[in-house]
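Visitor:
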Amino acid sequence: MQREETIGAKLWASLVWLMVGLFVLNLVGLVATVVVNSFGTRWFATWLPAGFTPRWYAMAWNEFQLPAILLVTMEVVGAVVLLSGLIGVPAAYAMARRDFPGKKAAMLLFLLPLLVPPITYGIPMATVLYQLHLAGTLSGVILANLVPTVPFVILIMIPFVEQIDPRIEAAARVFGASTLQLFTRVLVPLLTPGILAALLLVLVRTIAMFELTFLTAGPDSQTLVVALYYSVFAAGVRPGQSIDAMAVVYMIATMVWLLIALRFVNPTQIVTRAKK
Amino acid sequence: MSDRIGVRLRLARRGMDGLTLLVLPAVLFILALFVYPFLYGLFLSFHPMKGGTFANYIRFFSDPFLYETIGTTLWLAVPVTILNVVLSIPVAMRVRLLRRQKLLTTILVVPITLGTVLVAEGLLNYLGPRGWFNRVLMAAGIIDHPLMLLHNYWGVFLSLVITGFPFTFLLTLSYVTGIDPSLEQAGAMLGARARARFRHILLPLLTPGLTITLALSFVQAFSVFPSAVLLGAPAGPTRVISIAAYQAAYEQYDYSMASAIAMIMAAVQVLIVVALLVAKGIAYRGPASGGKG
Chain A
10 MQREETIGAK LWASLVWLMV GLFVLNLVGL VATVVVNSFG TRWFATWLPA GFTPRWYAMA
70 WNEFQLPAIL LVTMEVVGAV VLLSGLIGVP AAYAMARRDF PGKKAAMLLF LLPLLVPPIT
130 YGIPMATVLY QLHLAGTLSG VILANLVPTV PFVILIMIPF VEQIDPRIEA AARVFGASTL
190 QLFTRVLVPL LTPGILAALL LVLVRTIAMF ELTFLTAGPD SQTLVVALYY SVFAAGVRPG
250 QSIDAMAVVY MIATMVWLLI ALRFVNPTQI VTRAKK
Chain B
3 MSDRIGVRLR LARRGMDGLT LLVLPAVLFI LALFVYPFLY GLFLSFHPMK GGTFANYIRF
63 FSDPFLYETI GTTLWLAVPV TILNVVLSIP VAMRVRLLRR QKLLTTILVV PITLGTVLVA
123 EGLLNYLGPR GWFNRVLMAA GIIDHPLMLL HNYWGVFLSL VITGFPFTFL LTLSYVTGID
183 PSLEQAGAML GARARARFRH ILLPLLTPGL TITLALSFVQ AFSVFPSAVL LGAPAGPTRV
243 ISIAAYQAAY EQYDYSMASA IAMIMAAVQV LIVVALLVAK GIAYRGPASG GKG
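So the protein sequences, as listed, match chains A and B.
Going by this note's numbering, the first sequence runs without a break in its numbering and finishes at 285.
Going by this note's numbering, the second sequence runs without a break in its numbering and finishes at 295.
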């Protein structure tokens, strides 16, 4: 597209870029504050802390149960990734390959948990989980987190399945492959990039899923982000730097997986989840 | 035997065979943990701990401490959503011309992935009276006294911009890049300037996408929770509706009332989304769709 060369157009362009720059600057500023503070000794009315020390990390590790919280987080995330893959990928395959009555309704059913905010459906869901005595346990947290991730996997996987030539499956059928063999020998190898992308995004989303975990977790089933919320909420119980040390651990845990996931998907895909 | 095969064949012709059944576990799961709880919550909200069928709803709409949460939440969510969408459009228009978009989109996806809790924790330091934000403004001589941005309306507002703008922007960008560039080139060839091209070509094509962006961004902002507690004044100016629902469930153990508040929250969201869709229908009618050419 030809760009306009008038002064007004240039001014407008500069203004837009200035705005983007300011936004990114503030974003970097807020992340950097957390990182700097987590290493600072005393930070009071100066640009930078008086000195730097790693002891807040040791404190978060030894005194604030960071290893236990990380273990719970890994258990929850691992189970959610595995189960949403096992439920979601076959469902996506059926949705992509078959036209059955009620398919539109099924699609709407899968869209809703992604469009309705977790805090809105989380409270009735937690009520039901409490009645089943599942809330407050690890399985309750896992079940709650599966509600948005199963549809998420389905919606991401449908286009990946559609890309595969159906004649490949027909050939496998001709040679006598059962549905299970079709999946393990033909489809899963062909779908690996898509499955990897979907599951990595589920991983990132589950580490960062606050509302559903918060509403269903008990004292022994808190993930990192919920533990972080409680420490910020009860500010003063523990030093701010130690909370920030935990926040840095959380950031690293999320960012590593995000960067790996971004090798397989476009960032816009993370939010684009509703088509007209 | 031949009868059974006949049924099978007929089902298969309609797309029902063994493979179709693979969708069942997912459907059953969502029915059990999303649809059923919602219906159960609706049912529970009409069975209050004391009083008649509608007691919860009557209590909500007669107690200012409860019904004012709707206004408080709207007062946060509506301005934030409009600001985010209005800022997203010009930025998306510029960014679509960039060759290397991925760096910027990657930076912007970071706050979405980190989530509201971390953003709130960061802003507590960053926006504080001795934080970098105020220090820079004071060093530049723009202000004399630190701005009070925490534990009030503005703390929550700014956190909603930090997490909401990237979401709105990436959504807008995906709609903007979905428009066939040759349409705009045709306009340019016929002598339309940038402003006219935007007004008469791009905006009509974007309207359906922007309506969805507005609706999704609003719903996200309306369900603000952790930052309203951590950065706002959860007892006063930022007592949003999700805080009221949370307190009913986890502090008063009145699940019936909590369900009623959750249903009211969902109703307000649905009302606004429907209003947006209706407004779009009135404002714009036409065969426009932004499909890639």
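C-beta atoms are modelled at their ideal positions from N, C-alpha and C, and glycine is treated no differently.
1. Can you give the Cα-Cα distance for B:G295 and B:P183, rounded to whole angstroms?
2. What's the gap between the Cα of A:V125 and the Cα of B:F169?
3. Given that A:Y66 touches chain B, what residues does it touch there, using C-beta distances under 8 Å?
4. Where does B:F167 sit, in a helix, a strand or coil, going by DSSP?
5. Among B:T240, B:P81, B:S161, B:L23, which residue has its Cα nearest to the Cα of A:K112?
6. So, are the CB atoms of A:V195 and A:N154 less than 8 Å apart?
7. DSSP state of A:F184, grouped into three classes?
8. Taking a Cβ distance cut-off of 8 Å, strictly less, list which residues of the region 182-203 of chain B are near chain A, in chain order.
9. Which whole-angstrom value is the C-beta distance of A:T158 and A:R107, which I expect to be below 8 Å?
10. Counting only beta-carbon atoms, is A:P126 nearer than 8 Å to chain C?
11. List, in chain order, every chain A residue whose beta-carbon is nearer than 9 Å to that of B:G43.
12. Let me know if B:D65 comes out buried or exposed under the rule of 16 or more other beta-carbons within 10 Å of its beta-carbon.
13. So, under 8 Å CB-CB, A:V81 and A:Q231 are touching, yes? Tell me the CB distance rounded to an integer number of Å.
14. Classify A:G185: buried if its beta carbon has 16 or more other beta carbons within 10 angstroms, exposed otherwise.
15. Give me the chain B residues within the contact set of A:P110, using Cβ-Cβ distance strictly less than 8 Å, ordered along the chain.
16. Among B:G117, B:R96, B:V9, which has the Cα closest to the Cα of A:L36?
17. Name the DSSP bridge partner or partners of A:G49?
18. Using C-beta distances below 7 Å, list every residue in its chain close to A:L205, excluding the 5 sequence neighbours before and after it, in chain order.
19. Whole angstroms is fine: what's the gap from A:F242's alpha carbon to A:V235's?
20. Can you tell me the Cα-Cα spacing of B:G189 and A:L209, whole angstroms?
21. Jot down the residue ranges of each uninterrupted alpha helix (DSSP H) in the region 123-208 of chain B, minimum 4 residues, whole runs only, in chain order.
22. What number of angstroms, rounded off, separates the C-alpha of B:P113 from the C-alpha of B:F48?
23. How many whole angstroms separate the CB atoms of B:A196 and A:A18, which I take to be in contact at a CB cut-off of 8 Å?
24. For B:S90, which three-state DSSP category applies?
25. Taking 8 Å as the cut-off, does the region 90-106 of chain A touch the region 163-180 of chain A (at least 3 CB pairs, one atom from each stretch)?
26. Indicate whether the contact test is met: 3 or more Cβ pairs, each with one atom in the region 93-109 of chain B and one in the region 236-255 of chain B, closer than 8 Å.
27. Rounded to the nearest angstrom, what separates B:A277 and A:S23 at their Cα positions?
28. Would you kindly report the start and end of the unbroken alpha helix (DSSP H) that includes B:S229?
29. Below 6 Å CB to CB, which residues in the same chain sit around B:P27 once its five sequence neighbours on both sides are set aside?
30. Flag this pair as yes or no: are the beta carbons of B:M267 and A:T146 separated by less than 8 Å?
31. Of the residues that make up the region 38-49 of chain A, which ones have a beta carbon closer than 7 Å to any beta carbon in chain B?
32. Smallest Cα separation from A:F223: which of B:I214, B:L173, B:V119, B:N127?
33. Classify A:A270: buried if its beta carbon has 16 or more other beta carbons within 10 angstroms, exposed otherwise.
34. What first and last residue would you give for the alpha helix (DSSP H) that runs through B:K282?
35. If you measure beta-carbon to beta-carbon, which residues of the region 134-166 of chain B are closer than 8 Å to chain A?
36. Identify the contact partners of A:F273 in chain B, using a Cβ-Cβ distance below 7 Å as the criterion.
Guide: So, to answer that:
1. Residue 295 of chain B sits at position 293 when you count from the first residue of the second sequence. Residue 183 of chain B sits at position 181 when you count from the first residue of the second sequence. Here B:G295 scores only 35 on pLDDT, less than 50, and its place in the model is too uncertain to base an answer on.
2. For the purposes of this step, residue 125 of chain A is identified with residue 116 of the first sequence, where counting begins at 1. For the purposes of this step, residue 169 of chain B is identified with residue 167 of the second sequence, where counting begins at 1. Looking at the two C-alpha atoms, the distance is approximately 15 Å.
3. Position 57 of the first sequence, counted from the start, is the residue given in the question as residue 66 of chain A. Those within 8 Å of A:Y66 in chain B number zero; the least Cβ separation is about 16 Å.
4. The residue labelled residue 167 of chain B in the question sits at position 165 within the second sequence. Reduced to three states, the DSSP call for B:F167 is helix.
5. For this step, residue 112 of chain A is matched to residue 103 along the first sequence. Nearest C-alpha to A:K112: B:L23.
6. Sequence index remark: in the first sequence, residue 195 of chain A carries index 186 (1-based). Sequence index remark: in the first sequence, residue 154 of chain A carries index 145 (1-based). No; because the gap between Cβ atoms is not below 8 Å, this pair is not in contact.
7. Taking the first residue of the first sequence as position 1, residue 184 of chain A is located at position 175. In this structure, A:F184 counts as coil in the three-state DSSP scheme.
8. Against chain A - using a Cβ distance shorter than 8 Å - the residues of the region 182-203 of chain B are P183, E186, Q187, A190, R195, A196.
9. Residue 158 of chain A sits at position 149 when you count from the first residue of the first sequence. Residue 107 of chain A sits at position 98 when you count from the first residue of the first sequence. Actually they do not touch by this definition, with Cβ atoms about 23 Å apart.
10. The chain inventory of the structure shown lacks chain C, comprising the protein chains A and B.
11. Position 41 of the second sequence, counted from the first residue, corresponds to residue 43 of chain B. From the beta-carbon of B:G43, the residues of chain A found nearer than 9 Å are Y130, I132, P133, M134, T136, V137.
12. For this step, residue 65 of chain B is matched to residue 63 along the second sequence. The residue in question, B:D65, is exposed, as its Cβ has fewer than 16 Cβ neighbours within 10 Å.
13. By 1-based counting over the first sequence, the position of residue 81 of chain A is 72. By 1-based counting over the first sequence, the position of residue 231 of chain A is 222. Contact flag correct, Cβ pair sits at about 6 Å.
14. To locate residue 185 of chain A, count along the first sequence from 1; it is residue 176. Exposed, since its Cβ has fewer than 16 Cβ neighbours within 10 Å.
15. Working through the first sequence from its first residue, we reach residue 110 of chain A at position 101. R16, G17, M18, listed in chain order.
16. Walking along the first sequence from the start, residue 36 of chain A turns up at place 27. Looking from the CA of A:L36, the closest CA among B:G117, B:R96, B:V9 belongs to B:G117.
17. As a working mapping, residue 49 of chain A is identified with position 40 in the first sequence. Beta bridge pairing from DSSP links A:G49 with A:F61.
18. Along the first sequence, read from residue 1 onward, the residue named residue 205 of chain A stands at position 196. Contacts found: F273.
19. Position 233 of the first sequence holds residue 242 of chain A. Position 226 of the first sequence holds residue 235 of chain A. If I take the Cα positions, the gap works out to 10 Å.
20. Numbered from its first residue, the second sequence carries residue 189 of chain B at position 187. Numbered from its first residue, the first sequence carries residue 209 of chain A at position 200. Taking the straight line joining both Cα atoms gives about 42 Å.
21. 134-141, 155-178, 183-191, 196-199
22. The residue labelled residue 113 of chain B in the question sits at position 111 within the second sequence. The residue labelled residue 48 of chain B in the question sits at position 46 within the second sequence. Going from the Cα of B:P113 to the Cα of B:F48 covers about 39 Å.
23. Here residue 196 of chain B refers to the residue found at position 194 when the second sequence is read from its first residue. Here residue 18 of chain A refers to the residue found at position 9 when the first sequence is read from its first residue. Confirmed, about 6 Å.
24. Within the second sequence, numbered from 1, the residue matching residue 90 of chain B stands at position 88. The answer is helix: DSSP assigns B:S90 an H, G or I state.
25. yes
26. no
27. To locate residue 277 of chain B, count along the second sequence from 1; it is residue 275. To locate residue 23 of chain A, count along the first sequence from 1; it is residue 14. Whole-angstrom Cα-Cα distance: 36 Å.
28. Residue mapping note: residue 229 of chain B aligns to position 227 of the second sequence, counting from 1. For B:S229, the enclosing alpha helix (DSSP H) starts and ends at 228-232.
29. Position 25 of the second sequence holds residue 27 of chain B. Excluding residues within five positions, none has a Cβ falling inside 6 Å.
30. Along the second sequence, one-based indexing puts residue 267 of chain B at 265. Along the first sequence, one-based indexing puts residue 146 of chain A at 137. It is not a contact, given that the beta carbons lie outside the stated cut-off.
31. G38, L39, V40, T42, V43, N46
32. Here residue 223 of chain A is taken as the residue at index 214 of the first sequence, counted from 1. Considering only alpha carbons, the answer is B:V119.
33. Here residue 270 of chain A corresponds to residue number 261 of the first sequence, with the count starting at 1. Only buried fits A:A270, as 16 or more other CB atoms lie within 10 angstroms of its CB.
34. As a first step, residue 282 of chain B must be located in the second sequence, where it is residue number 280. It spans 257-285 - the alpha helix (DSSP H) in which B:K282 sits, taken as one unbroken run.
35. W134, F135, R137, I164
36. Along the first sequence, one-based indexing puts residue 273 of chain A at 264. None at all; the shortest Cβ gap to chain B is about 13 Å.
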